[in-house]
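Residue numbers (my numbering): 40 to 560. Ideal Cβ placement from N, Cα and C applies to all residues, glycine included.
Below, the structure is given as structure tokens:
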């Protein structure tokens with residue numbers, strides 16, 4: 040039997056078909072029962088390096104490398120019944136194979152069954168492939184057909200030579216996410232082998248105890264159904280096997296986040312106790328020309344209480360634009376400064392960072408707080424002066440963009456890191472700021488993340504399970520509610536048209552394009 044497809048066009052040697060469940064080709068020995076492999080077994084180094092691009096670095100990564108879709112090679116479709124654009128498998132005998140030179144060099148192979156003729160068109164091919172597709176060969180051909188000049192045709196289909204009456208596969212053929220240099224046959228082979236090793240080693244035992252109300256198949260049963268689907272099986276993404284995989288994915292994420300949450304609780308941080316009525320917090324509150332809303336007071340109490348604990352706070356402060364998140368963050372900064380620590384306030388864009396700087400400068404400078412302004416647009420002299428003030432502790436509060444976590448920025452004793460629009464920064468970027476603790480580096484700084492993006496409670500529980508969440512659900516008096524809309528990229532022209540209309544009507548519009556990393560653009 041000869042293997043067809045793209046590799047055959049390059050004169051590739053024959054390759055064995057994927058092993059059936061229960062066979063583990065090329066495997067010498069078994070892993071200890073229940074142990075997870077930390078590397079790929081029976082995979083050549085060259086293939087392993089390519090699989091790493093897919094995030095596959097150990098055997099169990101292969102087990103969880105689930106198909107994108109399936110192709111049905113369990114049945115033969117008569118050529119006359121082919122439908123344009125629909126995957127099908129046909130079987131027939133080659134009646135002719137010729138090379139056409141116009142409009143470009145093309146190999147045309149005609150395959151016939153009892154119902155008609157199918158043209159196979161190869162635009163890239165080698166002499167060896169021409170010989171393999173000689174007249175009289177019986178082929179099984181898989182692909183999507185289309186109506187061509189000579190009737191039904193397939194472009195670069197997958198094919199193989201078979202004997203008359205050869206049995207059909209017993210299961211649907213999975214199509215896995217792939218990468219350059221690793222074809223589907225190779226992927227199927229290594230996945231089948233990895234699944235069998237995991238099954239034999241007892242690694243497919245159920246990951247969660249049975250729970251009332253969760254009517255899902257077992258982990259092993261769901262996994263086998265997805266890798267080795269029976270003919271005619273419904274494997275749309277909402278079926279039970281896929282739902283079981285989604286359940287396990289979410290469960291693993293939640294356990295990972297909870298583990299992170301518990302690990303944070305055993306870290307040491309400076310306990311920032313309330314300084315009393317003479318502190319910056321009280322003086323700032325007395326100087327404000329407005330009163331905090333009930334929601335602001337509630338979230339401020341939650342944050343300030345966290346700061347008194349001896350482990351690092353990691354809290355997400357959520358609230359619409361104009362809800363008053365900045366004054367709450369300013370109170371937290373005052374607590375850190377009162378306790379002899381420094382605070383950092385980072386925003387993703389220079390416009391937003393400067394807006395925060397002006398507001399904090401107006402509130403805190405009259406109270407004796409020294410604020411350092413850091414952004415990519417500052418001249419060298421001003422930047423160096425700000426850096427020195429932070430390193431010596433002369434500056435109590437740093438406000439800026441991504442420049443705050445760049446090399447060369449050091450704090451004497453960072454006690455609180457505040458990140459606005461936190462989702463616009465990567466995890467490593469936020470951690471880079473938190474790791475600039477200065478001489479007090481043994482104590483992790485507290486972290487306050489802020490976001491104006493509406494996040495439903497269930498979504499916050501899913502994606503921010505390692506954070507405590509505070510929500511400002513009340514606008515200050517006189518504030519107009521903000522309407523947030525998510526618009527698809529395909530409707531960009533509509534947005535631009537509305538902006539044009541607003542400008543013609545005398546209104547103003549600003550379009551923010553955040554720059555997180557330095558670039559040449």
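Alpha carbon of residue i to alpha carbon of residue j, nearest angstrom
i	j	result
residue 275	residue 199	28 Å
residue 341	residue 223	54 Å
residue 227	residue 530	40 Å
residue 205	residue 80	32 Å
residue 166	residue 160	15 Å
residue 321	residue 397	21 Å
residue 358	residue 328	21 Å
residue 135	residue 153	16 Å
residue 20	residue 407	A question about residue 20 goes unanswered here, because the residues of the chain that appear run from 40 up to 560.
residue 417	residue 394	15 Å
residue 221	residue 173	28 Å
residue 367	residue 339	6 Å
residue 538	residue 391	21 Å
residue 363	residue 524	21 Å
residue 550	residue 535	11 Å
residue 82	residue 230	11 Å
residue 33	residue 458	The question about residue 33 has no answer, for the chain in this structure spans 40 to 560.
residue 257	residue 267	15 Å
residue 433	residue 481	21 Å
residue 544	residue 533	17 Å
residue 403	residue 541	37 Å
residue 488	residue 325	26 Å
residue 287	residue 279	12 Å
residue 111	residue 232	22 Å
residue 361	residue 379	30 Å
residue 552	residue 95	34 Å
residue 186	residue 124	9 Å
residue 69	residue 443	No answer about residue 69 holds up, because its pLDDT of 43 lies below 50 and its placement is not dependable.
Per-residue DSSP class, three states only, for residue i
i	result
residue 263	helix
residue 197	strand
residue 292	helix
residue 373	helix
residue 306	coil
residue 550	coil
residue 414	coil
residue 85	helix
residue 104	coil
residue 119	helix
residue 144	coil
residue 218	strand
residue 235	helix
residue 109	strand
residue 137	strand
residue 543	helix
residue 275	coil
residue 513	coil
residue 78	coil
residue 162	coil
Residues near residue i in its chain [Cβ-Cβ closer than 8 Å; skip 5 each side]
i	result
residue 157	118, 121, 129, 131, 149, 150, 151, 180, 184, 190, 191, 192 and 193
residue 375	311, 346, 381, 382, 454, 455 and 485
residue 505	296, 297, 299, 300, 303 and 353
residue 217	93, 223 and 226
residue 169	136, 138 and 146
Check: residue i C-beta below 7 Å from any heavy atom of the ligand MN
i	result
residue 415	For the ligand MN, the structure offers nothing, since it holds no ligand at all.
Per DSSP, the bridge partner or partners of residue i
i	result
residue 130	179
residue 457	384 and 487
Chain-order list of residues whose beta-carbon lies under 7 Å from that of residue i (same chain, five-residue window excluded)
i	result
residue 139	145 and 147
residue 282	255
CB contact below 8 Å: residue i versus chain D
i	result
residue 290	Among the chains of the structure shown, chain D does not appear; only one protein chain is present.
Cut-off 6 Å between Cβ atoms - residues of its own chain near residue i, not counting five sequence neighbours on either side
i	result
residue 155	118 and 119
residue 107	214 and 216
Check whether the region 439-447 touches the region 269-288, counting contact only when three or more Cβ pairs, one atom from each stretch, lie closer than 8 Å.
Short answer: they don't touch.
Can you find at least 3 beta carbon pairs, one from the region 255-266 and one from the region 94-106, that sit closer than 8 Å?
The way I'd put it, the region 255-266 does touch the region 94-106; three or more beta-carbon pairs between them come closer than 8 Å.
Would you check if there are 3 or more beta carbon pairs closer than 8 Å linking the region 504-516 to the region 330-344?
Counting Cβ pairs under 8 Å, three or more are found: they touch.
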